[in-house]
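The sequence shown lines up with residues 0 to 64 when you count with numbering that gives the first Met the number 0.
Yeah, the Cβ is synthetic: ideal placement off N, Cα and C, and Gly gets one too.
Since the structure is predicted, the reported quantities are computational estimates derived from the model, not experimental observations.
What follows is one structure encoded as structure tokens, with my remarks underneath.
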Amino acid sequence: MPKLKGKDSFRERFKVTPRGKVLHAKSGRRHLAASKNRKRIRQLGKPAVLGESMAYKVRKVLNVK
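This is the structure:
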């Protein structure tokens, strides 16, 4: 069976670490920041690790082992 075609939109949204973890950006940082404290806004800027079941699907689409 041939390999799946990788999706460019997935490459923009997700990053796979050398150990295989999948990182993604957190939501909630674009606007309405006045109601959020500085700590919360700062922590929203850090990448989050995707859950293993979803990470498996993302790695499959990105053709990453």
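Backbone CA spacing between residue i and residue j [nearest angstrom]
i	j	result
Val57	Phe9	8 Å
Val48	Gly27	16 Å
Ala54	Lys25	15 Å
Val60	Ser52	13 Å
Thr16	Leu22	8 Å
Residue i (DSSP reduced to helix, strand or coil)
i	result
Lys38	helix
Ala32	helix
Lys14	strand
Val63	coil
Lys56	helix
Residues that DSSP places opposite residue i in a beta bridge
i	result
Leu22	Lys14 and Val48
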